[in-house]
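**Q** So that you can map any letter, position 331 of the sequence shown is 914 in the working numbering, and since no number is skipped, the others follow by simple counting. Using N, Cα and C, we set each Cβ at its ideal position, and we do this for glycine too.
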Amino acid sequence: MAFNKIWCTVALGLLLPFSCAHTDFFTSIGHMTDLIHTEKDLVVSLKDYIKAEESKLEQIKKWAEKLDQLTDTATKDPEGFLGHPVNAFKLMKRLNTEWGELENLVLKDMSDGFISNMTIQRQFFPNDEDQTGAAKALLRLQDTYNLDTDTLSRGNLPGVKHKSFLTAEDCFELGKIAYTEADYYHTELWMEQALKQLDEGEVSSADKVYILDYLSYAVYQQGDLAKAMALTRRLLELDPEHQRANGNMKYFEYIMAKEKEANKSSTDSEDQVEKETEVKKKDYLPERRKYEMLCRGEGLKMTPRRQKRLFCRYYDGNRNPRYILGPVKQEDEWDKPRIVRFLDIISDEEIETVKELAKPRLSRATVHDPETGKLTTAHYRVSKSAWLSGYESPVVSRINTRIQDLTGLDVSTAEELQVANYGVGGQYEPHFDFARKDEPDAFKELGTGNRIATWLFYMSDVSAGGATVFPEVGASVWPRKGTAVFWYNLFPSGEGDYSTRHAACPVLVGNKWVSNKWLHERGQEFRRPCTLSELE
């Protein structure tokens, strides 16, 4: 149900916020924006250097032109020229003094300012890990949203404001990063794209020989021997003396001959089908496929009968005094588990305050390690987060009170407000917010019991991607700035609701800001009484 239709009738200075040299830039757009300012400052510094070099060359050029005319005249009649005492004096002066000054000008290094600026700012540059992380993010987006390499390379993505494209060299670099991860599927895709762009006439520093070398090996590793041989032959046409290619060709021919001798055509046919199925894409679990389909908006559609049970309403927080006269807009997103969305629940001013409070302390988001019970970073959660307490800002305190009033749950035992910013391909793969029975110590340090419910604010619109999806039930909740969604993680009995397993889809285009509040069991004894039935 959507309220949109229903309610209408009713400087140049460098920003340096970091105290350390490396901050996992690729995990947060918030920190990557600072790199934009860094690069702009470097461009200004570079242009200043170019102007200084041009000024220097202009002085040298004028001096050369002046002397060119003078020496032309002098060499035609040297004796007559030197017969003039002033010319004789000026020749001595030029050779003794002025040429020395010119030498000093030529030797003068105009790059000192630029190099000094580079040295200072280099400590804030991303490193190899960041570049690899950003590359993996592109590969993740490619898989999740079924994007072919040509579409991604040409920058034809939905909702983009600043279109950009990948050069053949960029595609080659992506292929190399996939190769170092032994990801031969993506190595093949991106090396082929690099080769295609070069074949189409793109001028690039990328070398076809290097591309074919990586590509043939990646194809061989995936079991396509015939294609690997064809690519190696093409490489040898370009570089007949290529040592590795010659060695590979002999090996490929040996393997091919061995296969023919085996003469097991039926078995070979079955094996080839298995290999092709095996290598065309990574073996994702069924949940992974559901997750990716939901991220693309291809999930199961709710039946009309179930849809009729979803409503939108004015909600007063069960007669909460603050909302009796000014109820909020609420709509049902899903029935089981029940997911509700509150509209216009956080203002733009509040969002900006929360973001400004969070930005200086954003760090790589962590998850609870079920074995140690401690917080740790994980490859399946790519974002940056910060925690805000109610006592540090009246805005945060007001938000906490709002959550308590509208959920009816005590927020005094809840965790602090967590603010998250998702970077390039930022995501959080399927997970539970509550601790399962095999994780009895997950929230032991807090002493407030399990996470009974989740409140999630969307603090930005997202151009493409970034949905919150529930693979177990097929629900997709899309970001809408100024709204919040709420669901219970536990049944009233205290048992976990496994249908609440959810994920944050990768951000394809745009910038995603969210904040969430995890409410805990302690303090809810009379607000949400326990029932006798385990699943109620």
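(1) Taking all protein chains shown into account, decide if residue 944 is buried (16 or more other Cβ within 10 angstroms of its Cβ) or exposed.
(2) When DSSP builds the beta bridges, which residues end up paired with residue 976?
(3) Cα separation between residue 707 and residue 1109?
(4) Return the first residue and the last residue of the alpha helix (DSSP H) that residue 773 is part of.
(5) DSSP state of residue 733, grouped into three classes?
(6) For residue 1060, I'd like the list of residues in its chain whose CB is within less than 6 Å of its CB, leaving aside the five on either flank, ordered along the chain.
(7) Work out the CA separation of residue 737 and residue 570 for me, nearest whole Å.
(8) Does the beta-carbon distance from residue 780 to residue 813 come in below 7 Å?
(9) Counting C-beta neighbours from all protein chains within 10 Å, is the total for residue 1113 16 or more, i.e. buried, or is it exposed?
(10) Just to confirm before moving on: does the CB-CB distance between residue 988 and residue 901 stay below 7 Å?
(11) For residue 881 and residue 1053, what's the separation of their Cα atoms in angstroms?
(12) Residue 926 to residue 891, Cα distance in whole Å?
(13) Skipping 5 residues on each side, what residues in its chain have a beta carbon closer than 8 Å to that of residue 704?
(14) Checking 7 Å against the spacing of the C-beta atoms, do residue 1094 and residue 1043 come in under that value?
(15) Helix, strand or coil for residue 694? Go by DSSP, reduced to three states.
(16) Please report how far the alpha carbon of residue 1057 lies from the alpha carbon of residue 819, in whole angstroms.
(17) Three or more C-beta pairs under 8 Å: does that hold for the region 824–835 against the region 799–815?
(18) Which two residues bound the contiguous alpha helix (DSSP H) that contains residue 1004?
(19) Taking residue 728 as part of the beta strand (DSSP E), name the residues at either end of that continuous run.
(20) Over the uninterrupted alpha helix (DSSP H) stretch that includes residue 886, give me the two end residues.
(21) How would you call residue 599, buried or exposed, if buried means at least 16 neighbouring beta carbons within 10 angstroms?
(22) How big is the Cα-Cα spacing for residue 727 and residue 876?
(23) Taking just the CA atoms, how far does residue 921 sit from residue 1083?
(24) Of the residues 1073, 886, 673, which one's Cα is nearest the Cα of residue 1016?
(25) Give the straight-line distance between the Cα atoms of residue 733 and residue 771, rounded to the nearest whole angstrom.
(26) Just verifying my parser: in three-state terms, what is the DSSP assignment at residue 913?
(27) So, using beta-carbon positions, are residue 636 and residue 693 closer together than 7 Å?
(28) Between the alpha carbons of residue 603 and residue 709, how many angstroms are there, rounded?
(29) Given a cut-off of 7 Å on the beta-carbon distance, is the pair residue 914 and residue 895 in contact?
**A** With the structure as the only source:
(1) Using a 10 angstroms sphere on the CB of residue 944, the tally of other CB atoms stays under 16, which defines it as exposed.
(2) In DSSP, residue 976 forms no bridge with anything.
(3) When rounded, the separation of the alpha-carbon atoms in residue 707 and residue 1109 is 52 Å.
(4) First-last of the alpha helix (DSSP H) with residue 773: 767–782.
(5) Looking at residue 733 - three-state DSSP - the assignment turns out to be helix.
(6) The residues are 916, 1051, 1068.
(7) As displayed, the chain neither begins before 584 nor continues past 1119, which places residue 570 out of reach and without an answer.
(8) No, the pair does not count as a contact, with Cβ atoms beyond the cut-off.
(9) By the 16-neighbour rule on beta-carbons within 10 angstroms, residue 1113 is exposed.
(10) Contact: no.
(11) Roughly 13 Å between the two C-alpha positions.
(12) For residue 926 and residue 891, the distance between alpha carbons rounds to 20 Å.
(13) Within the same chain, residue 704 has close Cβ partners 597, 621, 624, 625.
(14) Contact annotation: residue 1094 and residue 1043 have beta-carbon atoms nearer than 7 Å.
(15) Three-state DSSP puts residue 694 in coil, outside helix and strand.
(16) Just so you know, the alpha carbons of residue 1057 and residue 819 end up roughly 51 Å apart.
(17) Yes, the region 824–835 touches the region 799–815.
(18) Boundaries around residue 1004 are those of the beta strand (DSSP E), 1000–1005, since no alpha helix (DSSP H) includes it.
(19) Counting along the chain, residue 728 falls outside any beta strand (DSSP E), and DSSP gives it neither H nor E.
(20) Premise fails: residue 886 is in no alpha helix (DSSP H) and is neither H nor E.
(21) Unreliable positioning characterises residue 599 in this predicted model, as indicated by a pLDDT of 32, which lies under 50. A coordinate reading is not provided.
(22) Going by the C-alpha atoms only, they are around 8 Å apart.
(23) Separation of residue 1083 and residue 921 (C-alpha to C-alpha, rounded to the nearest whole angstrom) is 9 Å.
(24) Residue 1016 has its Cα closest to that of 1073, out of 1073, 886, 673.
(25) The straight-line gap from Cα to Cα measures roughly 13 Å.
(26) Of the three classes helix, strand and coil, the one that applies to residue 913 here is strand, per DSSP.
(27) Less than 7 Å divides the Cβ of residue 636 from the Cβ of residue 693.
(28) Note that residue 603 scores a pLDDT of 38, beneath 50, so its modelled location is shaky; the value from the coordinates is reported in the next line. Take the alpha-carbon of residue 603 and the one of residue 709: they are about 12 Å apart.
(29) The answer is yes: Cβ separation under 7 Å.
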